[in-house]
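Comments concern the structure below.
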Amino acid sequence: MPKRKRIEEKVKRLIAVLFLRSRGRPGVRGYELRKLLGEEYLEVVKAAQKKLEALGLEVRAVTDEGKLLDLENPGSEISEARFVIVVKENLKPEELKSCGWRIDEIAVLATAIVYILSLRGKAPRESIVQLLRDKVPEWRINMALDRFIKIGYLEEEGDLLKLGWRTYAEVDLEKLMTIFSTSTQ
Amino acid sequence: MGLSIRRELKLREWREAVREFERIISLIEDILKKRVDPFTVDISELLEKMRLLLEKYGDEVLLMDMEALSRIVDLIKEQEEWVQNESLVLGMGPLFALARLRQMSLEEIAEKFCEVWNPIAYRDQMMVSTVLRALDYLDAVRRLPKTLTGVESVDFRLSEETLSNLGLLGEEAFREKLSEFSRKVERLLGEESSIDYWDLVLDDTFEKSLENMILLSYLCSRGEVSLKVNPLTDEIKVVKPGGRGDRFSLALPFNYDIWVRRIAEKKKNRREG
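Residue numbers (the working numbering), protein chains in the order written: chain D, 110 to 294; chain G, 2 to 274.
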């Protein structure tokens with residue numbers, strides 16, 4: 110089989126495995142992709158990237174520590190990194206509901222992220238709840254925080270909360286902080 | 002006598018050294034817990050202090066020294082994370098963040114967040130093991146006998162009086178209560194466009210209040226009334242039913258303590274006005 114055709118076949122396989130979540134977490138690790146697609150798996154990822162771009166999607170590789178890896182210069186961490194497909198286009202608030210999110214849940218996540226970052230990486234859970242208590246009922250804040258911990262957006266460290274791998278994979282933190290430090294009412 | 006004094010003095014010094022180690026440990030623990038700037042502590046100064054204590058007391062303070070050293074390692078890790086996040090934070094302190102977040106409405110926060118959020122796209126799928134478990138279950142259900150053999154079934158009905166004595170509510174009695182409550186709500190909604198949820202359900206006893214909550218939840222499920230929640234004030238209003246698109250679930254915690262608190266609030270509100 111010519112190389113181009115072989116790569117195309119592998120691209121289809123790659124997209125299927127990245128879309129279909131198995132176990133608890135979405136995404137597939139680098140070494141799993143190598144096993145599935147062979148040594149040239151990064152070439153396949155780049156070819157898939159081109160195809161997905163047209164659909165407004167993007168393949169990202171993120172480590173468990175939340176470091177986004179450059180697919181052109183991957184380095185040794187790529188093997189352990191988790192490959193995921195993200196929606197490149199930003200969602201509109203009115204589209205949240207159709208994705209299974211409530212506006213107040215997303216506001217809880219945004220608030221937690223901004224507050225955690227403002228405290229340089231970790232924040233007491235209680236402070237986040239207190240910060241939001243005036244706007245969202247307490248039980249809903251706790252339910253949302255538990256959900257975000259479960260799906261990887263936040264991590265618990267005793268009484269403190271810190272950012273999870275999924276936040277690093279999905280959220281442009283630099284832009285988020287710029288927005289929150291410059292936005293005016 | 003002199004020996005005993007010397008021993009006592011040595012013991013005192015040793016206790017002071019242990020206290021010094023404890024101070025170092027609790028200082029670092031405080032910084033880590035309260036999320037204070039980890040650079041406010043001079044690590045080299047702490048290490049120098051620990052070195053002198055270790056030199057003086059040797060093995061006697063070795064365990065404390067190790068523990069303090071382990072905390073210093075945590076502090077250095079914390080400093081590293083702090084520096085990593087510093088570039089993202091753009092000098093925005095927690096107070097500024099608090100003020101900014103307090104100013105903004107939930108919609109504004111969510112809207113700003115959507116501008117920087119690229120969610121992962123994936124489909125949930127059922128694992129083969131889950132499918133096999135489901136098949137096992139169906140197989141087990143199929144094998145169950147439709148009627149229990151060897152057990153004499155006796156068809157009898159409990160009278161309303163017996164149910165009442167047992168503290169249970171029969172179907173008829175429940176239906177009656179429900180229609181009575183429905184009429185009450187209908188009448189109140191005829192007079193006003195909305196009724197406060199707690200004003201409606203709270204009654205003289207905890208049991209009766211709980212019963213009212215259950216009856217109201219039935220009316221909501223049947224679409225006879227609807228609830229309107231204000232997320233800012235946490236206020237819940239009972240209103241006439243809206244369209245199908247407005248349907249949502251609402252969980253309301255309720256126990257004896259909440260009932261006592263709500264009743265007290267209700268009485269206070271009545272007194273005030």
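For each residue, glycine too, the CB sits at the ideal point set by N, CA and C.
Alpha helix (DSSP H) segment containing residue i, residue limits
{"i": "D140(G)", "result": "V129 to R144"}
{"i": "G257(D)", "result": "Per the sequence shown, residue 257(D) should be read as Phe rather than Gly. Start and end: E247 to K259."}
{"i": "S227(G)", "result": "From DSSP, S227(G) is part of no alpha helix (DSSP H) but of the beta strand (DSSP E) over S227 to N231."}
{"i": "L269(D)", "result": "Looking at the DSSP string, L269(D) is not in any alpha helix (DSSP H); the run it does join, the beta strand (DSSP E), is L269 to L272."}
{"i": "I222(D)", "result": "I212 to S227"}
{"i": "I110(G)", "result": "L107 to C115"}
{"i": "V126(D)", "result": "K112 to F128"}
{"i": "A170(D)", "result": "No alpha helix (DSSP H) holds A170(D); the beta strand (DSSP E) holding it covers L166 to V171."}
{"i": "V280(D)", "result": "Counting along the chain, V280(D) falls outside any alpha helix (DSSP H), and DSSP gives it neither H nor E."}
{"i": "I215(G)", "result": "F207 to S222"}
{"i": "R188(G)", "result": "E172 to E192"}
{"i": "V62(G)", "result": "Run containing V62(G): none; DSSP gives neither H nor E here."}
Span of the beta strand (DSSP E), counted from its first residue to its last, around residue i
{"i": "E264(D)", "result": "L263 to E266"}
{"i": "I196(G)", "result": "S195 to D197"}
{"i": "K238(G)", "result": "E236 to V240"}
{"i": "K231(D)", "result": "K231 to P233"}
{"i": "R134(D)", "result": "Note, R134(D): premise wrong, no beta strand (DSSP E); not H, not E."}
{"i": "R36(G)", "result": "From DSSP, R36(G) is part of no beta strand (DSSP E); its letter is neither H nor E."}
{"i": "F192(D)", "result": "R191 to V196"}
Short CB-CB distance (under 7 Å) between residue i and chain D
{"i": "W199(G)", "result": "no"}
{"i": "E82(G)", "result": "yes"}
{"i": "V239(G)", "result": "no"}
{"i": "W260(G)", "result": "no"}
{"i": "E116(G)", "result": "yes"}
{"i": "E266(G)", "result": "no"}
{"i": "A100(G)", "result": "no"}
{"i": "K78(G)", "result": "no"}
{"i": "N256(G)", "result": "no"}
{"i": "D86(G)", "result": "Before going on, a small fix: residue 86(G) reads as Asn here, not Asp. Yes - at least one Cβ of chain D is within 7 Å of the one on N86(G)."}
{"i": "K304(G)", "result": "Here chain G has residues from 2 to 274 only, and residue 304(G) is not among them."}
{"i": "L145(G)", "result": "no"}
{"i": "P232(G)", "result": "yes"}
{"i": "I6(G)", "result": "no"}
{"i": "I110(G)", "result": "yes"}
{"i": "L107(G)", "result": "yes"}
Within-7 Å CB hit, residue i to chain G
{"i": "T220(D)", "result": "yes"}
{"i": "G230(D)", "result": "yes"}
{"i": "Y150(D)", "result": "no"}
{"i": "S207(D)", "result": "no"}
{"i": "E279(D)", "result": "yes"}
{"i": "L129(D)", "result": "yes"}
{"i": "L200(D)", "result": "yes"}
{"i": "T293(D)", "result": "Low per-residue confidence applies at T293(D): pLDDT is 48, beneath 50, and the placement is therefore not dependable enough to give any value."}
{"i": "V126(D)", "result": "no"}
{"i": "K159(D)", "result": "no"}
{"i": "V168(D)", "result": "no"}
{"i": "Y224(D)", "result": "yes"}
{"i": "K155(D)", "result": "no"}
{"i": "K244(D)", "result": "yes"}
{"i": "K121(D)", "result": "no"}
{"i": "S227(D)", "result": "yes"}
{"i": "K112(D)", "result": "no"}
{"i": "P183(D)", "result": "no"}
{"i": "D255(D)", "result": "no"}
Anticipated Cβ contact below 8 Å, residue i with residue j, distance rounded
{"i": "A98(G)", "j": "V223(D)", "result": "6 Å"}
{"i": "I89(D)", "j": "G139(D)", "result": "The first residue shown for chain D is 110 and the last is 294, placing residue 89(D) beyond what the model contains."}
{"i": "E116(G)", "j": "I288(D)", "result": "6 Å"}
{"i": "S194(G)", "j": "V261(G)", "result": "Actually they are not in contact, since the Cβ atoms of S194(G) and V261(G) sit about 30 Å apart, beyond 8 Å."}
{"i": "L166(D)", "j": "V196(D)", "result": "6 Å"}
{"i": "L270(D)", "j": "R234(D)", "result": "5 Å"}
{"i": "P202(D)", "j": "E108(G)", "result": "7 Å"}
Within 9 Å of chain D by C-beta, residues of the segment 118–143 of chain G in sequence order: W118, N119, P120, I121, A122, Y123, R124, D125, Q126 and M128
Interface positions of the segment 36–48 of chain G facing chain D (Cβ-Cβ less than 7 Å), listed along the chain: R36
Members of the segment 13–38 of chain G that neighbour chain D once the beta carbon cut-off is set at 7 Å: R36
Contacting positions in the segment 203–226 of chain G - beta carbon closer than 9 Å to chain D: none
Residues from the segment 47–78 of chain G in contact with chain D, defined by Cβ distance under 7 Å: Look at the segment 47–78 of chain G: it has no residue with a C-beta under 7 Å from a C-beta of chain D.
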